[in-house]
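Going by the working numbering, the sequence shown wraps up at 698, each residue one higher than the last. Glycine included, every Cβ here is placed at the ideal spot set by N, Cα and C. Taking it in order: structure first as structure tokens, then the write-up.
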Amino acid sequence: MEVYFTTVVRKAPLEVGGEIVRVDWETKQILGKRVMRPPEPLFKDPNPRGNGRGGRGITKYNNLLYAATYHSLLVFDKQLNQVGIVSDHLFVGIHEVCRRERDNTLWVASTAIDAVVGINNRGVRIDSWWPRENRHLQELLSLEALVIDKSQDNRTLWLHEEQQNNPNHTHLNAVTFDNDQMYVLLNRKGVVYNVTRQQIIIEDSSLIGCHNLVFLGGKILINDSRGKRVTVFSKDGRKIGDLFLLKHGEVKAIYKASKSMANKSTRTIFVRGLSPIDEKRILVGFSPATVVEIDVETGKLLDVFQYSEDVAVCVHGLTAWV
Numbered sequence: 377m378e379v380y381f382t383t384v385v386r387k388a389p390l391e392v393g394g395e396i397v398r399v400d401w402e403t404k405q406i407l408g409k410r411v412m413r414p415p416e417p418l419f420k421d422p423n424p425r426g427n428g429r430g431g432r433g434i435t436k437y438n439n440l441l442y443a444a445t446y447h448s449l450l451v452f453d454k455q456l457n458q459v460g461i462v463s464d465h466l467f468v469g470i471h472e473v474c475r476r477e478r479d480n481t482l483w484v485a486s487t488a489i490d491a492v493v494g495i496n497n498r499g500v501r502i503d504s505w506w507p508r509e510n511r512h513l514q515e516l517l518s519l520e521a522l523v524i525d526k527s528q529d530n531r532t533l534w535l536h537e538e539q540q541n542n543p544n545h546t547h548l549n550a551v552t553f554d555n556d557q558m559y560v561l562l563n564r565k566g567v568v569y570n571v572t573r574q575q576i577i578i579e580d581s582s583l584i585g586c587h588n589l590v591f592l593g594g595k596i597l598i599n600d601s602r603g604k605r606v607t608v609f610s611k612d613g614r615k616i617g618d619l620f621l622l623k624h625g626e627v628k629a630i631y632k633a634s635k636s637m638a639n640k641s642t643r644t645i646f647v648r649g650l651s652p653i654d655e656k657r658i659l660v661g662f663s664p665a666t667v668v669e670i671d672v673e674t675g676k677l678l679d680v681f682q683y684s685e686d687v688a689v690c691v692h693g694l695t696a697w698v
């Protein structure tokens, strides 16, 4: 098995703000890495925590890797040779990206403007969905629509917007499909929403600030980034349990070694990056850039790969190529 992950380097210049890394999981040998930087249109980033830096979500698609930057997807072959770029005027602050198997389309969480954007295999936009324009969610979550001109190039227009202070901002940061139904994660609301059925599946205030949304073996897995855990729900939204990372000695040692470096911009054991291996095992990422393998049923820590000891270097995107 090979593992691919992207990183964000807090406070770094944009041109060295993160990487995509390829690792042989059995030997822990680094097989390759490439700097991840947003292509044109270029911009300046006022946010020291991340924003435009480094790599975002990553997914396999047509035997290629699509790894997100702030406003574009960089396309790599398995050896990390870059073979293309895909972008769209509604790609703004991308977080996670996924593939819908039914029609082999890609779907992007365009987080800065609270949107899901779908593209076909030619990189052409086929659809978009906006939670703040959904009447059901407007009523349930007291949302107002975002004022945006969707016909213009929005890719660099929202860098200076203080979205975190806007009570309507949902910070939609993950999209996925299960049984051909679309689900999204609304980070600022602690909500998982079934777009297809227009139904809130999970609403849990402890998940505000969470990342990643994975369906695995009849369960829903979400990274509670600040709680240093992976939270497990049933598919109907019932809380099953937690996979606490700090209960493992190896993770606790990383935490103790990096705790003194943590501050507002750099948080230790900030959990981000989640990928299934099979129906029982997952990969979880956190900072300082580390990937761990966990058995979901038992909670046992099966393996660890620490890429960096610098707490400013954070895993974001993560996928297993089995």
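Residue burial classification, E685 (beta-carbon count within 10 angstroms, cutoff 16)
For E685, the number of other beta carbons within 10 angstroms of its own is below 16, and it is reported as exposed.
Do you know offhand how far N599's Cα is from V680's?
Take the alpha-carbon of N599 and the one of V680: they are about 17 Å apart.
Inter-residue CB distance, R602 and G585 (contact presumed, cutoff 8 Å)
With 8 Å as the limit, R602 and G585 qualify as a contact, their Cβ atoms being about 5 Å apart.
Could one say the Cβ of Q405 lies closer than 8 Å to chain C's Cβ atoms, at least one of them?
This model lacks chain C altogether; it includes just one protein chain.
So, using beta-carbon positions, are L583 and G566 closer together than 8 Å?
Yes, they are a contact pair.
Residue range of the beta strand (DSSP E) that E402 falls in?
Taken as a continuous stretch (DSSP letters only), E402 belongs to no beta strand (DSSP E), as it is neither H nor E.
Anticipated Cβ contact below 8 Å, D421 with L390, distance rounded:
The Cβ separation is near 6 Å, so the contact holds.
Do F662 and I645 have their C-beta atoms within less than 8 Å of each other?
Yes, the Cβ-Cβ distance between F662 and I645 is below 8 Å.
Under 8 Å, with one C-beta from each stretch per pair, do the segment 631-644 and the segment 666-683 reach the 3-pair mark?
In the pairwise beta carbon analysis, the segment 631-644 is classified as not touching the segment 666-683: fewer than three pairs are separated by under 8 Å.
Tell me the residue span of the alpha helix (DSSP H) that contains A629.
G625 to S634 is the span of the alpha helix (DSSP H), which, as asked, contains A629.
So, with DSSP's three-state summary, where would you put M558?
Reduced to three states, the DSSP call for M558 is strand.
Here's a check: name, in chain order, each residue in its chain whose Cβ is nearer than 7 Å to the Cβ of I576, leaving out the five neighbours to either side.
Same-chain partners within the cutoff: L516, V567 and Y569.
Which value, in whole angstroms, describes the spacing of the CA atoms of E395 and E472?
Straight-line Cα distance between these residues: approximately 16 Å.
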